[in-house]
Amino acid sequence: MKKTPVLLLLLILGTSSLFAGFGYRLDLLSFDPLYTEYQADKYRTGMSFDYAYVADGFPDYVYQDWRQANQVGDEKNDAMVFELNRKLTQEPFVGILNIGETLSLLRHTFSFDAWLSPISIDFSTQGMISFIMDGQVADNIGFDGAYFFGTTIRAADRFSLRAGFHHYCSHYGDAILKRIDNHAVPGGLSDLDKFWITYKYVRMNGIAIGISVDPVTWLRVYGEYNFLPKNIKSWRPVIFRPNWTDLTPHNNYPDEYGARIINFGFELEYPIFRKWGNTIFAYDCHLYEEGKIMYRDVHGKPNPSMTPVYDPGAPWEMEHSFLLAQEINDSVSFECGYRHGRFPSNSFYYQRSSYFFLGARFNPNPTVNLINTEK
Amino acid sequence: MKKTVLVVLLCLLCSLSIFAGYRLDLFAMDPLHDIYMADRNRSSLGFSMDYLFDGFPASVMQDQRTTKPTEVFLRKDYDIPMHSTIYVGETLSLFRNTFTFDNWLSPISFDFSIQFQLKFVHDVEITDLFGQDGVYFFGGTMSLADMFSLRIGLHHYSSHYGDAVFKNLKPGDVIDPNYKYIRMNSFVVALSVEPVDGIRLYGEYSTLAPGVTATYKPYMFSPFWYDTYCNTGYPDTYNARIINFGAEFSYPIFKKLGKTTIAYDCHMYEEGKIRYRDASGELQDPVYDKDAPWEVEHGVVLAQEVNDLMSLEIGYFNGRHLLNNFYFQRSSYLRVGMRIDFDGSVTLYNSTNKQ
Chain Y
67 MKKTPVLLLL LILGTSSLFA GFGYRLDLLS FDPLYTEYQA DKYRTGMSFD
117 YAYVADGFPD YVYQDWRQAN QVGDEKNDAM VFELNRKLTQ EPFVGILNIG
167 ETLSLLRHTF SFDAWLSPIS IDFSTQGMIS FIMDGQVADN IGFDGAYFFG
217 TTIRAADRFS LRAGFHHYCS HYGDAILKRI DNHAVPGGLS DLDKFWITYK
267 YVRMNGIAIG ISVDPVTWLR VYGEYNFLPK NIKSWRPVIF RPNWTDLTPH
317 NNYPDEYGAR IINFGFELEY PIFRKWGNTI FAYDCHLYEE GKIMYRDVHG
367 KPNPSMTPVY DPGAPWEMEH SFLLAQEIND SVSFECGYRH GRFPSNSFYY
417 QRSSYFFLGA RFNPNPTVNL INTEK
Chain G
106 MKKTVLVVLL CLLCSLSIFA GYRLDLFAMD PLHDIYMADR NRSSLGFSMD
156 YLFDGFPASV MQDQRTTKPT EVFLRKDYDI PMHSTIYVGE TLSLFRNTFT
206 FDNWLSPISF DFSIQFQLKF VHDVEITDLF GQDGVYFFGG TMSLADMFSL
256 RIGLHHYSSH YGDAVFKNLK PGDVIDPNYK YIRMNSFVVA LSVEPVDGIR
306 LYGEYSTLAP GVTATYKPYM FSPFWYDTYC NTGYPDTYNA RIINFGAEFS
356 YPIFKKLGKT TIAYDCHMYE EGKIRYRDAS GELQDPVYDK DAPWEVEHGV
406 VLAQEVNDLM SLEIGYFNGR HLLNNFYFQR SSYLRVGMRI DFDGSVTLYN
456 STNKQ
């Protein structure tokens, strides 16, 4: 194992001379992604704080599916709905605090005299934690983690690609745990109290392939496909599992169902206010194949007594996001936007919400350079 | 009230001609009264891994108004005594006025300042959350001659349990899930001096004040005037004060990168005079012990800037746990982390008239 990195290093150094007519640069670490995050994506990797007004769909219950038998003795419940004993927040506002960054590691950049130049390749991790707080930014409704790790490539400052693993997981915050009705003993589980305190939405780890194109400097279009391998490590809710997974499946779903996610979007940017930076308008659409699973009643609330079924005629679940941002310098932007789709925390995957948000984003882009030969 | 504002504004505009330069920033992110580098509650953005040599939280303590505190022990699911900590904080300097003139006191700046921080303390895998603390200051800050700075205002602490606490209670254990350490809002005054370039000394005094302090817990630490029903046995002199002071030394050892800084901070809590455990460590009805020392907390940080934005840091802390909800827990821990420091500003007016 030790020989492999040494050989790789020697190979890189040895082949540097091949690029005599080229430029070569090696960055140990860079915060500036080759594959830029999607500006309007709810799970955008970055640092930001947004204050959101939930116009519709503020959660007032918690849904959990398929309790493991050992959680409450031998009893097994397919699904449960837990009411909250009081509202999560007095007003339908939430604070959304996102902490994340791209770490582009061992980035190689080759520049040469052709339209494809420069070509860059790296090993990239794009991680973020999203804290959803109540309107006073005091209690924590929940926090979600999302990260990508894999390879990203960029060519001609125009095309970029990413391929790797993508992880989602969601955790309840104290705002939920304090408010589960009939839950006088936080953390305790009894026959009367079947709330599953460690239940979470988790997708560990899907495979993501994304492609992005900037046909002109002010426009970007992108698309990404996310699917789950058979031997995925962990995946909840169980109601969304296809029939072919190694985990306990839903056998009544057809083979073609794979809980896939497709997202696509575009971004327009132009320095309307040159003194500050770019003004950006972005749109993102997420499509969830999970929308084909029927588990809600006619009122749109999950029905614990209903056996989930696959509906071939149902559309994929859709999520739309719009964002307008204004850079004020190299690292700070102000932004506002609107989302219609799932609630900000994935723990409420069953909750359709629409919300407006207003906030700021911080985007540092430093680099630690090892080699830079400009020919 | 409206007239006062108008008169002040007119005076300000009329007096502009006295000064060689005047600048008004709507908004700036570099503080006039800089944060204390080794303060565990400083307003900054960063991430750290904290290895606790001693004092990893093993229990939750809560006090009532009339009886001794109760303590509930957590199930010990965390084999590695480490925390991953995310800090989100920044200084927002609003309406900053800066006057420059030909005198050693120049420049003089003052503003209305907000310095806040949210701190999320996780387990080592950043999955379960032990808790989150909110800390903020709001008030006036002032800087003279790039040497002296001052801040006066109100200071807020509050602490919240995370899911790691709720998940680790044993069946049957009872805690109040809404209980929190809260100090809302104490009055604070601070002074900082940089006698020479690269050396900074500072001190700060924080006290609870009638009419200002809205909420304060734990009850057992509150002075007699805050809740006479509870702590009438405490003397008038006790006021749950906090004094902190420290020193910072900075020098660009690695000029290509930026400054290297070593910082020391000491916090002293008058709450140390309240005894809520007996000699054997058992909980007892709280009493004021006039001979007891103030509780002391030390922090030492070594930081290296790597560019204008980022610093890498290593530090050692001995005192309270990272989270204020575990105020009863003495901990010592090693911190390795990074800090990101944004310094943008939005200027409304900038006159650099030369006399």
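So the protein sequences, as listed, match chains Y and G.
Numbering-wise (the working numbering), the first sequence opens with residue 67 and increments by one.
Numbering-wise (the working numbering), the second sequence opens with residue 106 and increments by one.
Ideal Cβ positions, reconstructed from N, Cα and C, are used throughout, including at glycine.
Note that the coordinates shown come from a computational prediction; the quantities given were computed from them, not determined experimentally.
Beta-carbon proximity of Tyr-291(Y) to Ile-275(Y), cut-off 8 Å: Taking the first sequence and counting its residues from 1, one reaches residue 291(Y) at position 225. Taking the first sequence and counting its residues from 1, one reaches residue 275(Y) at position 209. In this structure, Ile-275(Y) lies closer than 8 Å to Tyr-291(Y) by Cβ.
How about Phe-221(G) and Ser-297(G): are their beta carbons less than 8 Å apart? Position 116 of the second sequence holds residue 221(G). Position 192 of the second sequence holds residue 297(G). Their beta carbons are not under 8 Å apart, which means Phe-221(G) does not touch Ser-297(G) by this criterion.
Please check if any C-beta of chain G sits within less than 8 Å of the C-beta of Ser-420(Y). The sequence position of residue 420(Y) within the first sequence is 354, counting from 1. No, its Cβ sits nowhere closer than 8 Å to a Cβ of chain G.
Which residue's Cα is closest to the Cα of Asn-435(Y): Pro-315(G), Leu-362(G), Arg-288(G) and Pro-300(G)? By 1-based counting over the first sequence, the position of residue 435(Y) is 369. Nearest of Pro-315(G), Leu-362(G), Arg-288(G) and Pro-300(G) to Asn-435(Y), Cα basis: Leu-362(G).
So, for Ser-256(Y): in the same chain, excluding its five sequence neighbours on each side, which residues have a beta-carbon less than 6 Å away from its beta-carbon? Position 190 of the first sequence, counting from 1, holds the residue named residue 256(Y). Interpretation of Ser-256(Y) is limited by its pLDDT of 44, a score under 50 that renders its predicted location unreliable; the figure taken from the coordinates is listed afterwards. Cβ within range, chain order: n/a, list empty.
Run down chain G in chain order and give the residues with a C-beta less than 8 Å from the C-beta of His-237(Y). As a first step, residue 237(Y) is located in the first sequence; it is residue number 171 there, counting from the start. Under the 8 Å cutoff, chain G gives Thr-232, Asp-233, Leu-234 and Asp-268.
Comparing C-alpha positions only, which one of Asp-280(Y), Thr-264(Y), Gly-407(Y) and Gly-193(Y) sits nearest to Gly-123(Y)? Within the first sequence, residue 123(Y) is the residue found at index 57, counting from 1. For the residues Asp-280(Y), Thr-264(Y), Gly-407(Y) and Gly-193(Y), the minimum Cα distance to Gly-123(Y) belongs to Gly-407(Y).
So what does DSSP say about Val-229(G), is it helix, strand or coil? Here residue 229(G) refers to the residue found at position 124 of the second sequence. Coil at Val-229(G), not helix or strand.
Contact with chain Y by Leu-223(G), beta-carbon distance below 8 Å: Numbered from 1 along the second sequence, position 118 holds the residue referred to as residue 223(G). Chain Y contact via Cβ: present.
Give the secondary structure of Val-301(G) by DSSP, where H, G and I count as helix, E and B as strand, and everything else as coil. Taking the second sequence and counting its residues from 1, the one referred to as residue 301(G) is at position 196. It is coil, neither helix nor strand.
Asp-370(G) vs Gly-404(G) beta-carbon contact at 8 Å: Within the second sequence, numbered from 1, the residue matching residue 370(G) stands at position 265. Within the second sequence, numbered from 1, the residue matching residue 404(G) stands at position 299. Yes, the pair counts as a contact, with Cβ atoms nearer than the cut-off.
Within 10 angstroms of its Cβ, does Gly-442(G) collect 16 or more other Cβ (buried), or is it exposed? As a first step, residue 442(G) must be located in the second sequence, where it is residue number 337. With 16 or more Cβ atoms within 10 Å of its Cβ, Gly-442(G) is classed as buried.
Please list, in chain order, the chain G residues whose beta carbon lies closer than 8 Å to that of Pro-374(Y). The residue you call residue 374(Y) lines up with position 308 of the first sequence. Going along chain G, no residue has its Cβ under 8 Å from Pro-374(Y), so there is no contact; the nearest lies around 27 Å.
Taking only beta-carbon positions, decide if Pro-381(Y) is within less than 8 Å of chain G. What you label residue 381(Y) is simply residue 315 of the first sequence in a count that begins at 1. It does not; no Cβ of chain G falls within 8 Å.
Starting from Gln-237(G), find everything on chain Y with Cβ-Cβ shorter than 7 Å and list it in chain order. As a working note, residue 237(G) is residue 132 in the second sequence. Result: Asn-206.
Distance check for Ile-207(Y) and Tyr-266(G), CA to CA, integer angstroms please. Numbered from its first residue, the second sequence carries residue 266(G) at position 161. Numbered from its first residue, the first sequence carries residue 207(Y) at position 141. Answer to the nearest angstrom: the Cα atoms are 12 Å apart.
Taking a cut of 8 Å between CB atoms, which residues from the stretch 270 to 302 of chain G lie near chain Y? Val-270, Phe-271, Lys-272, Asn-273, Leu-274, Lys-275, Pro-276, Gly-277, Asp-278, Val-279, Ile-280, Pro-282 and Asn-283
Identify, in the order they occur along the chain, each residue of the same chain with its Cβ nearer than 6 Å to the Cβ of Val-279(Y), setting aside the five sequence neighbours on each side. For the purposes of this step, residue 279(Y) is taken as the residue at position 213 of the first sequence. Excluding residues within five positions, the ones whose Cβ falls inside 6 Å are Phe-225 and Val-287.
Taking 8 Å as the threshold (C-beta atoms), are Ile-195(Y) and Ile-460(Y) in contact? Absent from the model: residue 460(Y). The displayed extent of chain Y is 67 to 441, so no value can be given.
As assigned by DSSP and simplified to three states, the class of Ser-413(Y): As a first step, residue 413(Y) must be located in the first sequence, where it is residue number 347. Three-state result, Ser-413(Y): helix.
In terms of residue numbering, what span does the beta strand (DSSP E) encompassing Lys-364(G) cover? Within the second sequence, residue 364(G) is the residue found at index 259, counting from 1. Start and end: 363 to 374.
Quick one: grab the DSSP three-state call for Tyr-238(Y). Numbered from its first residue, the first sequence carries residue 238(Y) at position 172. DSSP places Tyr-238(Y) in strand when its eight states are reduced to three.
Would you identify the three-state DSSP class for Gly-216(Y), choosing helix, strand or coil? Numbered from its first residue, the first sequence carries residue 216(Y) at position 150. The answer is strand: DSSP assigns Gly-216(Y) an E or B state.
For Glu-356(Y), which beta-bridge partners are listed by DSSP? As a first step, residue 356(Y) must be located in the first sequence, where it is residue number 290. Per DSSP, none; premise fails for Glu-356(Y).
Host beta strand (DSSP E) of Val-270(G) (start-end): Indexing the second sequence from 1 puts residue 270(G) at position 165. Unbroken run through Val-270(G) is the alpha helix (DSSP H), 268 to 272; no beta strand (DSSP E).
Nearest candidate by alpha-carbon position, reference Ala-295(G), set Asp-302(G), Tyr-262(G), Val-317(G) and Ile-347(G): The residue labelled residue 295(G) in the question sits at position 190 within the second sequence. When each option's Cα is compared against that of Ala-295(G), the closest is Ile-347(G).
So, helix, strand or coil for Phe-431(G), using DSSP? Residue 431(G) sits at position 326 when you count from the first residue of the second sequence. In this structure, Phe-431(G) counts as helix in the three-state DSSP scheme.
Let's see if you can read the secondary structure: which residues bound the beta strand (DSSP E) around Tyr-156(G)? Counting from one through the second sequence, the residue named residue 156(G) turns up at place 51. Run containing Tyr-156(G): 150 to 159, per the beta strand (DSSP E) assignment.
Applying the 10 Å Cβ sphere with the 16-neighbour rule, what's the burial state of Glu-230(G)? Locating residue 230(G) in the second sequence gives position 125, where the first residue counts as 1. Flag for Glu-230(G) reads exposed.
What are the boundary residues of the beta strand (DSSP E) that Asn-164(Y) is part of? Mapped onto the first sequence, residue 164(Y) falls at position 98. Counting along the chain, the beta strand (DSSP E) containing Asn-164(Y) begins and ends at 159 to 177.
So, do the stretch 416 to 429 of chain Y and the stretch 410 to 418 of chain G have three or more beta carbon pairs nearer to each other than 8 Å? no
Can you list, in chain order, the residues of its chain whose CB lies under 6 Å from that of Leu-255(G), leaving out five sequence neighbours each side? Position 150 of the second sequence, counted from the first residue, corresponds to residue 255(G). Excluding positions up to five away in sequence, the list reads Met-247 and Leu-296.
Cβ pair Phe-306(Y), Glu-356(Y) closer than 8 Å: Within the first sequence, residue 306(Y) is the residue found at index 240, counting from 1. Within the first sequence, residue 356(Y) is the residue found at index 290, counting from 1. Yes; because the gap between Cβ atoms is below 8 Å, this pair is in contact.
With Leu-407(G) and Arg-145(G) assumed to form a contact (beta carbons below 8 Å), what rounded beta-carbon distance in angstroms separates them? For the purposes of this step, residue 407(G) is taken as the residue at position 302 of the second sequence. For the purposes of this step, residue 145(G) is taken as the residue at position 40 of the second sequence. The pair is not a contact, with the Cβ atoms about 15 Å apart (cut-off 8 Å).
Could you name the residues of chain Y that Phe-447(G) contacts, counting a contact when the two beta carbons are closer than 7 Å? Here residue 447(G) corresponds to residue number 342 of the second sequence, with the count starting at 1. Neighbours of Phe-447(G) on chain Y, chain order: Ser-397, Val-398 and Phe-428.
Quick one: what's got a C-beta closer than 7 Å to Tyr-393(G)'s C-beta in the same chain, skipping five residues either side? Translated into the one-based positions of the second sequence, residue 393(G) becomes position 288. If we look at Tyr-393(G) and ignore the five residues flanking it on each side, its Cβ neighbours are Gly-338, Tyr-339, Pro-340, Tyr-343, Lys-378 and Ile-379.
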